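Below is one structure, written out as structure tokens, with a few remarks after it.
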Amino acid sequence: VADSRAVRFPRLWEIAWGCRLACGDRRVPGTYPPVALHGQQVSCFLAPNVNAGYTHPPELAARIRDWVAPLADQPYLLDVPDFRSNDKERILRDIYTLCDQRFAVAGALLREEQPDMLMMVEMGVDRIHHAFWRYMDPTSPLYEPGSPFADAIRDYYRHVDGHIGALLAEIDAETLVLVVSDHGARPLMGGFCINEWLIQQGFLHLTQQPAGPTALDQAAVDWSRTKAWGAGGYYARIFLNVAGREPEGIVAPAEFAPIREELAAALRALRGPDGALLGNQVFVPQEIYRRVRGIAPDLILYPGDLAWRAVGKVGMNELFTSENDTGPDDANHAQHGLFIWHDPQRPGNGQQLHSASLYDMLPSLLDRFGIAAPEGLRGRVLAFA
Numbered sequence: 529v530a531d532s533r534a535v536r537f538p539r540l541w542e543i544a545w546g547c548r549l550a551c552g553d554r555r556v557p558g559t560y561p562p563v564a565l566h567g568q569q570v571s572c573f574l575a576p577n578v579n580a581g582y583t584h585p586p587e588l589a590a591r592i593r594d595w596v597a598p599l600a601d602q603p604y605l606l607d608v609p610d611f612r613s614n615d616k617e618r619i620l621r622d623i624y625t626l627c628d629q630r631f632a633v634a635g636a637l638l639r640e641e642q643p644d645m646l647m648m649v650e651m652g653v654d655r656i657h658h659a660f661w662r663y664m665d666p667t668s669p670l671y672e673p674g675s676p677f678a679d680a681i682r683d684y685y686r687h688v689d690g691h692i693g694a695l696l697a698e699i700d701a702e703t704l705v706l707v708v709s710d711h712g713a714r715p716l717m718g719g720f721c722i723n724e725w726l727i728q729q730g731f732l733h734l735t736q737q738p739a740g741p742t743a744l745d746q747a748a749v750d751w752s753r754t755k756a757w758g759a760g761g762y763y764a765r766i767f768l769n770v771a772g773r774e775p776e777g778i779v780a781p782a783e784f785a786p787i788r789e790e791l792a793a794a795l796r797a798l799r800g801p802d803g804a805l806l807g808n809q810v811f812v813p814q815e816i817y818r819r820v821r822g823i824a825p826d827l828i829l830y831p832g833d834l835a836w837r838a839v840g841k842v843g844m845n846e847l848f849t850s851e852n853d854t855g856p857d858d859a860n861h862a863q864h865g866l867f868i869w870h871d872p873q874r875p876g877n878g879q880q881l882h883s884a885s886l887y888d889m890l891p892s893l894l895d896r897f898g899i900a901a902p903e904g905l906r907g908r909v910l911a912f913a
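Quick note on our numbering: the sequence shown kicks off at 529 and runs consecutively.
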């Protein structure tokens with residue numbers, strides 16, 4: 529798993545640190561283990577536990593214990609434990625506890641440290657989508673009408689909104705406020721078993737069929753006959769077994785491009801359980817990223833344009849499943865999130881920007897505060913009326 533040590537470029541708080549702005553950032557993904565900065569840092573859910581040195585400075589962890597002690601009879605949560613399960617009442621309690629603890633720490637940092645910049649991630653709005661979407665949305669194939677959890681998501685958003693209001697009451701009228709989501713959400717229509725499909729198409733071979741659902745790295749793969757395999761998740765990553773690149777590669781370099789195009793065309797033409805086109809989106813990393821680093825897949829697949837999740841296990845004995853292979857899951861990530869930008873120096877009646885990208889947040893913030901952007905930074909400075 530990539531952690532903070534894999535990040536090679538400065539992030540917002542590190543750029544601000546160079547300008548001697550005191551920062552307080554909390555739970556931003558990819559911040560464990562924490563690094564020194566001019567301020568405080570509470571690292572993310574990658575921390576294995578609260579005894580693993582998850583804060584900078586280290587003594588901040590003891591202060592956090594004191595801040596959250598009155599809230600619940602449990603320690604500081606790094607995430608909602610086992611949020612993909614059927615224990616819905618416990619999950620809901622943990623989501624609220626996680627939220628209350630996060631905002632308690634954020635408020636305490638504002639009052640006691642008075643940082644120039646505070647950045648925090650509220651993870652509960654993600655976890656509640658995964659656990660409770662079926663009770664809210666009639667378009668979900670898992671919809672359960674009349675459930676006592678029918679209003680769980682709406683009620684939780686109101687709860688979060690109340691916390692945001694209390695936090696805004698702690699700041700002065702000159703503070704710039706952003707609310708930014710890194711992805712959207714949509715009902716999960718089911719799972720597409722990418723490796724089962726590759727087996728059916730003759731690209732992936734096993735020497736022995738597993739008795740039940742099995743992770744590919746635990747299965748008996750016949751690499752001497754396998755041309756491609758996949759990894760599951762919110763989307764699928766497909767790798768070709770290239771000679772000279774993989775330990776037991778059999779795809780000759782001259783065959784690489786034709787086989788990749790054959791796979792891409794077949795995936796785009798794939799039909800779902802109802803016989804209609806599934807609507808897959810297939811991408812070549814080198815065509816969508818400015819630069820490809822590390823071990824990139826040869827193809828990226830959005831099953832049903834992210835309406836379906838990619839299931840990587842073999843031994844499923846079907847191409848389409850009703851649920852996720854890592855536990856009960858009601859929602860998948862979607863491409864479009866939202867952002868709110870409230871700037872007291874640019875008052876107005878509000879406007880909507882429909883073409884903004886997540887990449888635009890950093891250059892726009894740096895421009896707003898007169899901080900030079902790193903060379904080659906992706907994104908544009910947003911123009912506000």
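Just so it is clear, CB atoms sit at the ideal spot from N, CA and C, and this is done for glycine as well. Only a predicted model underlies this, so the values are computations on that prediction, with no experimental measurement involved.
For Gly718, there is no enclosing alpha helix (DSSP H); the residue is part of the beta strand (DSSP E) that begins and ends at Gly718 to Cys721.
Counting of Cβ neighbours within 10 angstroms places Ser883 among the exposed residues, the total staying below 16.
When secondary structure is reduced to three states using DSSP, Cys551 falls in the strand class. Burial state of Val842 is buried, judged by a 10 Å Cβ sphere holding 16 or more other Cβ atoms. Taking the Cα positions, Cys547 is about 13 Å away from Pro902. When DSSP assignments are scanned along the segment 810 to 856, the uninterrupted stretches of beta strand (DSSP E) that are 3 or more residues long and fall wholly within it turn out to be 827 to 830 and 836 to 839.
Fully enclosed alpha helix (DSSP H) runs of no fewer than 4 residues occupy 588 to 596 of the segment 561 to 596, in order along the chain.
When Cβ pairs closer than 8 Å are counted between the two stretches, the segment 659 to 670 is seen to touch the segment 710 to 721, the count reaching three or more. Under the three-pair Cβ rule at 8 Å, the segment 653 to 660 does not count as touching the segment 559 to 573.
Closest option to Leu606, judged by alpha-carbon separation, among Pro586, Ala590, Cys627 and Asp745: Cys627. Taking the C-beta atoms as reference points, Ala838 is found no nearer than 8 Å to Ala748.
DSSP places His882 outside any beta strand (DSSP E), giving it a letter other than H or E. Taking C-beta atoms as the reference points, Trp725 and Leu744 fail to come closer than 8 Å. Look at the segment 757 to 791 and you find these whole runs of beta strand (DSSP E), each 3 residues long or longer: 764 to 768. Straight through space, the alpha carbons of Pro738 and Leu732 are spaced by roughly 14 Å. Asn808 is a Cβ neighbour of Leu795, given a cutoff of 8 Å. In its chain, beyond the 5 residues on either side, Asp888 and Pro891 have a beta carbon closer than 7 Å to the beta carbon of Arg908.
Under the DSSP assignment, Phe631 falls in the alpha helix (DSSP H) whose first and last residues are Lys616 to Glu641. Look at the beta carbons and you see the segment 592 to 603 touching the segment 615 to 634: at least three pairs across the two are nearer than 8 Å. Its Cα nearest to that of Leu549, the residue His566 stands out among Arg555, Glu815 and His566.
Collapsing the DSSP output to three states places Leu798 in coil. The shortest C-alpha to C-alpha distance from Phe611 to any of Tyr604, Leu893, Asp622 and Asp601 is the one to Asp622. Contact between the segment 683 to 699 and the segment 631 to 640 is present, with at least three C-beta pairs closer than 8 Å. In the structure shown, Ala911 falls within a coil segment according to DSSP collapsed to helix, strand and coil. Pairwise C-beta distances place the segment 762 to 777 in contact with the segment 816 to 833, as three or more of them are shorter than 8 Å.
In the structure shown, Phe611 adopts coil according to DSSP, grouped into three states.
In the three-state scheme derived from DSSP, where H, G and I count as helix and E and B as strand, Gly803 is classed as coil.
Just measuring C-alpha positions, the residue of Pro603, Gln814, Ala862 and Glu774 sitting nearest Ser752 is Glu774. Distances from the alpha-carbon of Asp679 to those of Gly552, Ala589 and Leu620 put Leu620 closest. In this structure Val820 is exposed. Its beta-carbon is surrounded by fewer than 16 other beta-carbon atoms within 10 angstroms. Under the 10 Å beta carbon count, Ala911 is surrounded by fewer than 16 other beta carbons and is classified as exposed. Collapsing the DSSP output to three states places Phe660 in a helix.
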